[in-house]
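Protein chains in written order, with the numbering used here: chain A, 510 to 859; chain B, 510 to 859.
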């Protein structure tokens, strides 16, 4: 079995990341979006044209947009297999059952990957590497499941076959509850002094990172999965109430922290994707125009490949810290090169 | 003013990190701990012996241990200046006022740095680089404040002078509340299926990272700061109750997510810099050596100032996406310049 032409409806983070990953392996891809700016950017990034017949159509839109597209996409490519990538699975099964697409030709799926930044700009070909990709194969044609399995393999994810109802309970706990908790916590910051927030450290940043997520996507997800979420939120509400009543009881507080440790320890360590093994090279540069160009000139001279980079500097500070991610061998090569040309290269972080 | 010999009581994460940072700059350090294993490990890591008189004594113990050490440390080094590093400041001021140490010789301080892993093993000399280090200089000798300011400078932190009462309110919001929320969330995982937790992604990992923190430290911190924490927890409890009552109301859910976004956006960018309004310009580049240098040459030619940047690409991908953060006017200037030179610049995201 092969994939010749995958049609991706939705040029956001997930759709474009799928497109990038497929194009890298030579699969023809068509990117579609009702937002023509997003479609143009995604198509320019993916660049994998083909005139082959569509063998797989992926609904990579927000949850609420799938329903209205089912009939028209089936009419356009009746020979295609169809999958979605939505965060809640019970609902889409019901929608398909009343659409033109036979239930045997539609596979509900959910890749367990994402970022708090949406849009084609944030897409990356390796978004699914090492991640679980859930499907619910019950009652679906083997040919359709086979095409989806090939897609999942090409993108480096691993297939997990799970009943839609159980999927929805699982994601309520591991994804939707953390989203709401992060939003609730971040909301409390509205009442704080700006000078307090300037003191924030990594703990606050990490706990509120996903609070930056898109409200339009999440309003639909929460509403679609409210039955699984409600008991979890009620349990949290009761625990929070108990904490408030025992704030001055050090033993009760210690018990809560220990229960949190126990829950945290249940998250398997080596999951969520292969962490890519880069060496992170810190370089202190003068914060003035031309320094970045000069640094990247040196990188080109040294013929090294920069995999990622970040800059840290504060306004008015004389120096900035740029961290380059490279392969181990490139990092060594670049370190030698830069040091011999007078740059301030520090030892890589372990 | 110089620091010749700093005596650090407490060989945990913070104490040992201070010791490492000072030793790196040639300051003599003595590491002390009631746990002799921790003291031996920290002393071996820090290795900065001296026989000079102690000019600064740092209480780097858990909160509850400071009180019983005040008199004996003053008796040992009556000429020393004294500081602590505890997470709650009002309590230690009261304790010092009834001790042998004159209040003018004791400066309450709090470095805004930490890790969820404790102990000398987790210490790092650069733990305080770029972080805020709060002091409450009210009523303290200039000489004592001066020695602490030198310590903070040597460790690469920046000094923030703040009243202890206001400090305690600030950390309740930006540190203690996130800790309790993370623990409460992680506790809910105890009820989930192990197979569900295998599907966990970065969102759950980040929101529960600090739930792994030490219960003995936190029981004292929460109890010591309960007056500042209680109203925040009650506000969170009320918001959570409202959410439970409006789970099927998509508008109410969207409002919560948006409020969370607004709260999250109040956290300044890296290094305590002010959050600034930039235009983020996406540019698709070929993924080959020299492209970044060429791009930054163009930026220099256009005389624009790049405030931040990010690169997204995967190894082996044909194209990369670089996003430049610039002022609105510089973004317009650069867009025109790059387009006229054949670069693939896309519209900024709104």
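Glycine is no exception: its CB is placed at the ideal position from the N, C-alpha and C atoms. All values reported here derive from a predicted model rather than from experimental measurement.
Looking only at its chain, what residues have a beta carbon closer than 6 Å to the beta carbon of residue 622 of chain A, apart from the 5 residues adjacent to it on each side? Within the first chain, numbered from 1, the residue matching residue 622 of chain A stands at position 113. Here the set comprises 636, 637 and 640.
Looking at chain B, which residues of the region 588–621 of chain A have a Cβ within less than 8 Å of any of its Cβ atoms? Along the region 588–621 of chain A, going in chain order, the ones with a CB nearer than 8 Å to a CB of chain B are 621.
Per-residue contacts from residue 743 of chain B into chain A (C-beta, under 9 Å): Indexing the second chain from 1 puts residue 743 of chain B at position 234. Within 9 Å Cβ-Cβ: 753.
Measuring CB to CB, does residue 613 of chain A end up less than 7 Å from residue 591 of chain A? The count along the first chain starts at 1 and reaches residue 613 of chain A at position 104. The count along the first chain starts at 1 and reaches residue 591 of chain A at position 82. No. Outside cutoff.
Would you be able to state if there are at least three C-beta pairs under 8 Å between the region 759–777 of chain B and the region 711–725 of chain B? Not touching, per the Cβ criterion.
Kindly list, in the order they appear in chain A, the residues whose Cβ is closer than 8 Å to that of residue 777 of chain B. Position 268 of the second chain, counted from the start, is the residue given in the question as residue 777 of chain B. 706, 707 and 709, listed in chain order.
Identify every run of the beta strand (DSSP E) within the region 573–636 of chain B, keeping only runs that are complete inside it and at least 3 residues long; order them along the chain. With a minimum length of 3 residues, the continuous beta strand (DSSP E) runs that stay inside the region 573–636 of chain B are 590–593 and 618–620.
Could you say which of B:561, B:848 and B:808 lies nearest to residue 835 of chain B if we only look at CA atoms? For the purposes of this step, residue 835 of chain B is identified with residue 326 of the second chain, where counting begins at 1. Measuring from the Cα of residue 835 of chain B, the nearest candidate turns out to be B:808.
Between residue 527 of chain A and chain B, is there a C-beta pair that is closer than 7 Å? For the purposes of this step, residue 527 of chain A is taken as residue 18 along the first chain, with counting starting at 1. No - not a single Cβ of chain B is within 7 Å of the one on residue 527 of chain A.
For chain A, check one thing: does any of its Cβ atoms lie closer than 7 Å to the Cβ of residue 772 of chain B? Along the second chain, one-based indexing puts residue 772 of chain B at 263. For residue 772 of chain B, the answer is yes, since a Cβ of chain A falls inside 7 Å of its Cβ.
If the cut is a Cβ gap below 7 Å, which residues of chain A does residue 690 of chain B touch? Along the second chain, read from residue 1 onward, the residue named residue 690 of chain B stands at position 181. Residues of chain A passing the Cβ test: 690, 694 and 716.
At what residues does the beta strand (DSSP E) containing residue 670 of chain A begin and finish? Looking up residue 670 of chain A in the first chain gives position 161. Segment 667–670, the beta strand (DSSP E) holding residue 670 of chain A.
Please list, in chain order, all residues of the same chain as residue 576 of chain B whose beta carbon is under 7 Å from its beta carbon, the five residues on each side excluded. In the second chain, the residue the question calls residue 576 of chain B occupies position 67. Only residues of its own chain outside the window of five on either side were considered, and among them 604 have a CB closer than 7 Å to the CB of residue 576 of chain B, listed in chain order.
Considering only residues of the same chain and omitting the five flanking positions on each side of residue 512 of chain A, which have a CB-CB separation below 8 Å? Position 3 of the first chain, counting from 1, holds the residue named residue 512 of chain A. So the list reads 531, 536, 564, 565, 656, 659, 660 and 663, once near-sequence residues are dropped.
Who are the near neighbours of residue 790 of chain B in its chain, counting only those whose CB is closer than 7 Å to its CB and skipping five residues on each side? By 1-based counting over the second chain, the position of residue 790 of chain B is 281. For residue 790 of chain B, where only same-chain residues beyond five positions count, the Cβ hits under 7 Å are 832, 833, 835, 840, 843, 844, 854 and 857.
Note down, in chain order, every chain B residue with its Cβ under 9 Å from the Cβ of residue 748 of chain A. Position 239 of the first chain, counted from the first residue, corresponds to residue 748 of chain A. Correct list: 693, 696 and 697.
Distance, residue 572 of chain A Cα to residue 910 of chain A Cα: A question about residue 910 of chain A goes unanswered here, because the residues of chain A that appear run from 510 up to 859.
When you compare only the Cα positions, how much space is there between residue 752 of chain A and residue 762 of chain A? Along the first chain, read from residue 1 onward, the residue named residue 752 of chain A stands at position 243. Along the first chain, read from residue 1 onward, the residue named residue 762 of chain A stands at position 253. One C-alpha to the other measures close to 7 Å.
Let's see if you can read the secondary structure: which residues bound the alpha helix (DSSP H) around residue 516 of chain A? Position 7 of the first chain, counted from the first residue, corresponds to residue 516 of chain A. Residue range 514–518 is occupied by the beta strand (DSSP E) that includes residue 516 of chain A, with no alpha helix (DSSP H) assigned at that position.
Assess, as a yes-or-no matter, whether the region 586–602 of chain B is touched by the region 536–545 of chain B under the definition of 3 or more beta carbon pairs within less than 8 Å. Touching, no, given that fewer than three Cβ pairs across the two stretches are closer than 8 Å.
Taking the alpha-carbon positions, what's the residue 760 of chain B to residue 616 of chain A distance? Residue mapping note: residue 760 of chain B aligns to position 251 of the second chain, counting from 1. Residue mapping note: residue 616 of chain A aligns to position 107 of the first chain, counting from 1. Distance between the alpha carbons of residue 760 of chain B and residue 616 of chain A: 30 Å.
Note down, in chain order, each residue of its chain lying with its Cβ closer than 6 Å to the Cβ of residue 817 of chain A, except the 5 sequence neighbours on either side. Residue numbering aside, residue 817 of chain A sits at position 308 when the first chain is read from its first letter. 834.
Touch check for the region 740–752 of chain A and the region 667–677 of chain B: three-plus C-beta pairs under 8 Å? Output reads no: the region 667–677 of chain B does not touch the region 740–752 of chain A.
DSSP on residue 795 of chain B, reduced to helix/strand/coil? As a first step, residue 795 of chain B must be located in the second chain, where it is residue number 286. Looking at residue 795 of chain B - three-state DSSP - the assignment turns out to be strand.
DSSP state of residue 748 of chain B mapped onto helix, strand, coil: As a first step, residue 748 of chain B is located in the second chain; it is residue number 239 there, counting from the start. In the structure shown, residue 748 of chain B sits in a helix (DSSP, three-state: H, G or I).
Can you pull the chain A neighbours of residue 632 of chain B, defined as C-beta to C-beta under 8 Å? By 1-based counting over the second chain, the position of residue 632 of chain B is 123. Taking a Cβ-Cβ threshold of 8 Å, none of the residues of chain A is close to residue 632 of chain B; the smallest such distance is about 13 Å.
I need the DSSP call for residue 853 of chain B, collapsed to helix, strand or coil. Along the second chain, one-based indexing puts residue 853 of chain B at 344. DSSP places residue 853 of chain B in strand when its eight states are reduced to three.
Would residue 754 of chain A be called buried (16 or more neighbouring beta carbons within 10 Å of its own) or exposed? For the purposes of this step, residue 754 of chain A is taken as the residue at position 245 of the first chain. With fewer than 16 Cβ atoms within 10 Å of its Cβ, residue 754 of chain A is classed as exposed.
Taking 7 Å as the limit between beta carbons, can you name the residues of its chain near residue 738 of chain B, skipping five residues before and five after? The residue you call residue 738 of chain B lines up with position 229 of the second chain. Residues 681, 685, 686 and 731 of the same chain have their beta carbon placed closer than 7 Å to that of residue 738 of chain B, with the five preceding and five following residues left out of the count.
Determine the contact status of residue 597 of chain A and residue 734 of chain A, defining contact as a CB-CB distance below 7 Å. The residue you call residue 597 of chain A lines up with position 88 of the first chain. The residue you call residue 734 of chain A lines up with position 225 of the first chain. Yes, the Cβ-Cβ distance between residue 597 of chain A and residue 734 of chain A is below 7 Å.
Spell out whether any CB of chain B is found under 7 Å from the CB atom of residue 757 of chain A. Start at 1 with the first residue of the first chain, and residue 757 of chain A comes out as number 248. With 7 Å as the cut-off, residue 757 of chain A counts as an interface residue toward chain B.
Cβ closer than 7 Å: which chain A residues qualify as neighbours of residue 805 of chain B? The residue you call residue 805 of chain B lines up with position 296 of the second chain. Chain A residues near residue 805 of chain B: 801, 802 and 805.
What distance in whole Å lies between the Cβ atoms of residue 679 of chain B and residue 705 of chain A, which are believed to be in contact at a cut-off of 8 Å? By one-based count along the first chain, residue 705 of chain A stands at place 196. By one-based count along the second chain, residue 679 of chain B stands at place 170. Between residue 705 of chain A and residue 679 of chain B a beta carbon distance of about 4 Å is seen, short of the 8 Å cut, so the two are scored as contacting.
Quick one: is residue 662 of chain B near chain A, going by C-beta distance under 7 Å? Working through the second chain from its first residue, we reach residue 662 of chain B at position 153. Taking 7 Å as the CB threshold, residue 662 of chain B stays off the interface with chain A.
Which bits of chain A does residue 686 of chain B rub up against, with CB to CB less than 8 Å? The residue you call residue 686 of chain B lines up with position 177 of the second chain. The answer, in chain order, is 694 and 697.
Three-state secondary structure (DSSP) at residue 541 of chain A? Position 32 of the first chain, counted from the start, is the residue given in the question as residue 541 of chain A. It is a strand residue.
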